[in-house]
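Shown next, in structure tokens, is the structure this report addresses.
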Amino acid sequence: MSYDPYSPPPSAKPSYPPPPTPPHHPSPRQDSSPSYPTYPWRPATPEPDPGPAGPRAPRRPPLGHHSDLRILRSAYRWQRRTATLTALGYFTLFLFLSAFAPGFMTGSITDGIPTGLLLALLQLPVTWLAIALYEHTARRHVDPLADRIRKEAELDARREAAL
1 MSYDPYSPPP SAKPSYPPPP TPPHHPSPRQ DSSPSYPTYP WRPATPEPDP
51 GPAGPRAPRR PPLGHHSDLR ILRSAYRWQR RTATLTALGY FTLFLFLSAF
101 APGFMTGSIT DGIPTGLLLA LLQLPVTWLA IALYEHTARR HVDPLADRIR
151 KEAELDARRE AAL
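Residues in the sequence shown are numbered from 1 upward in steps of one, following the numbering used here.
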């Protein structure tokens, strides 16, 4: 009798395939994942060093400096609030007086013109005032900030193009 190293020893039990699992039951988890020296999405070998990378750009704050944009946003927000509260505040006051002070609104300031009609006619000039206030704050606060940021962005773009 000769010895075969590839045959199982006579005392070993024969191996049978596992019984099939029903389709509505998930199969038991088997740890068949290969073992990696690193995570599977990382390369096994380190990447080569890219070497020296030409002249470095000077360290400057990034385009659109955050503090400048924050100041511009707050100035624009203040501008919107001022103009909106001017127009809507007057209109809300007019509605409040119409609903809760009918005696005041029906009273007359001059002969034949009730106070409510005069306040209603003043709504148009107040709206024009809100528009003028909006443009004034835009020219005085928002536009200079936007121009400064725009000029800095143009300079930064020219510097980047020169490199």
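Cβ atoms here follow ideal geometry from the backbone N, Cα and C, with glycine treated the same way.
Next item on the list: Using the Cα positions of A162 and L155, report the straight-line distance between them to the nearest angstrom.
Entry: 11 Å
Check: Mind pulling the beta strand (DSSP E) runs of 3 or more residues that sit fully within the stretch 82-159?
Finding: 108-110
Item checked: Spatial distance of P144 from F96 (CA atoms) -> 38 Å
Item checked: Cut-off 8 Å between Cβ atoms - residues of its own chain near A146, not counting five sequence neighbours on either side -> L72
Check: With 16 as the cutoff for other CB atoms within 10 Å, does A99 come out buried or exposed?
Finding: exposed
Check: Touching or not, the stretch 76-92 and the stretch 113-132, by the rule of three or more beta carbon pairs under 8 Å?
Finding: yes
Notebook entry, point to check: Exposed or buried, A132, counting other C-beta atoms within 10 Å across all chains shown (16 or more means buried)?
Noted result: exposed
Next item on the list: Would you mind sorting A101 into buried or exposed? The rule is 16 or more other CB atoms within 10 Å of its CB.
Entry: exposed
Check: According to the neighbour-count rule (16 or more other Cβ atoms, all chains shown, within 10 Å of its Cβ), is Q79 buried or exposed?
Finding: buried
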